[in-house]
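Undergrad: Okay, here's the structure, questions in a sec.
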Amino acid sequence: MPRVLLVNDTDKPIAELREALQRAGYEILADVAHARALLHAVETQRPDVILIDTESPTRDTLEQLAVMNASAPRPVVMFSDAADQSVIRAAVRAGVTTYVVDGMAPGKLVPILEVACARFDEEDKLRRRLAEVEQQLADRKDIDRAKGWLMDRYGLGESEAFELLRGQAMKQGVRLGDVARQLLSRSEPPCP
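In the UniProt record's numbering, the protein residues as written are 1 to 192.
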């Protein structure tokens, strides 16, 4: 059962919304009255999705979302009366997955939440893939630097230097990039 954290940053009652979510099979967690408590609520309640109802997201709300998105990212659906393009862009930069201006209609809520979760999952895959590629590039750079240092220091050929690094990685049971960084940090070779 998906767990929903409701953040009601308005004076509007949300009982109808709560009932619609429960009928759709969502578990409703304790409400958060203000976005200032968002990060703590996410860390303690561990929701699957966050739903925020606000007239217009404040700077505090956006800052809290950005902090949450950096440390404990979750799909976030924001219902707001603010249709200003700069507000929408700021909300998306802060981590809002879906921004809805046309009001919170309980009948439309489930598909909106499903789209937000699907979009978040796809973006999460892209973020993880990007981090993996960035790590591979950093590894390759460090491996090349370590090979160059071994070649200069011991008069080895490129393939010999690589085999030395690879053998050490296998012996230690760590990645080749980690062995290269260990060598570079201990040896303090000159930077190319």
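Idealized CB from N, CA, C, for every residue including glycine.
#1: Would you please state the rounded distance, in angstroms, between the beta carbons of Gly95 and Ala66? I believe it to be under 8 Å.
#2: With DSSP as the reference, identify every bridge partner of Tyr154, one or two as the case may be.
#3: Apart from the five residues just before and just after Pro47, which ones in its own chain have a Cβ nearer than 7 Å to its Cβ?
#4: List the whole-angstrom C-beta distance separating Cys117 from Val49, where the pair is believed to meet the contact cut-off of C-beta under 8 Å.
#5: As an exercise, report each continuous alpha helix (DSSP H) stretch of at least 4 residues that is fully enclosed by the UniProt domain "Response regulatory" (3-117), in chain order.
#6: Within 10 angstroms of its Cβ, does Val7 collect 16 or more other Cβ (buried), or is it exposed?
#7: On a Cα-Cα basis, can you pick out the residue from Leu38, Leu176, Ala24 and Glu19 that is closest to Ala70?
#8: Between the alpha carbons of Thr61 and Glu160, how many angstroms are there, rounded?
#9: Leaving out the 5 sequence neighbours to the left and right, which residues in its chain are closer than 8 Å to Arg23 when beta-carbon positions are compared?
#10: For my contact list, Glu55 and Ser80 are in at a C-beta cut-off of 8 Å; report their separation, rounded to the angstrom.
#11: Under three-state DSSP, which class holds Met170?
#12: Taking only the alpha-carbon atoms, compute the straight-line gap between Tyr99 and Gly167 and give it to the nearest angstrom.
#13: Would you decide whether residue 196 is buried or exposed? Buried here means 16 or more other CB atoms lie within 10 Å of its CB.
#14: Within the continuous alpha helix (DSSP H) that includes Arg186, where are the two ends?
#15: Given this structure, state the Cα-to-Cα distance separating Arg128 from Met170, to the nearest angstrom.
#16: What residue from Pro57, Val110 and Lys12 has the CA that sits closest to Gln85's CA?
#17: Nearest-angstrom Cα distance between Glu19 and Leu109?
TA: Taking the coordinates as given:
#1: Sure, about 6 Å apart at Cβ, within 8 Å.
#2: Listed as beta-bridge partners of Tyr154 by DSSP are no residues whatsoever.
#3: Take Pro47, set aside five residues on each side of it, and the residues of its chain with a beta-carbon closer than 7 Å to its own are Arg3, Val4, Leu5, Leu29 and Arg74, in chain order.
#4: In this structure Cys117 touches Val49 by the C-beta definition: roughly 6 Å separates them, less than 8 Å.
#5: Here the runs fully enclosed are 15-23, 38-45, 59-71 and 85-94.
#6: Residue environment: Val7 is assigned as buried (16 or more neighbouring CB atoms within 10 Å of its CB, all protein chains considered).
#7: Per the Cα distances, Leu38.
#8: Near 56 Å, if we compare the C-alpha coordinates of Glu160 and Thr61.
#9: Nothing listed; no residue qualifies.
#10: Cβ-Cβ separation between Glu55 and Ser80: approximately 7 Å, consistent with a contact (criterion under 8 Å).
#11: In the structure shown, Met170 sits in a helix (DSSP, three-state: H, G or I).
#12: In a straight line, the C-alpha of Tyr99 is about 52 Å away from that of Gly167.
#13: Outside the modelled stretch of the chain, which goes from 1 to 192, sits residue 196, for which no answer is possible.
#14: In the DSSP annotation of this structure, the continuous segment of the alpha helix (DSSP H) that includes Arg186 starts and ends at Leu176 to Ser187.
#15: Approximately 26 Å, taken between the alpha carbons.
#16: The candidate whose alpha carbon is nearest that of Gln85 is Pro57.
#17: Our two residues, Glu19 and Leu109, have alpha carbons roughly 11 Å apart in a direct line.
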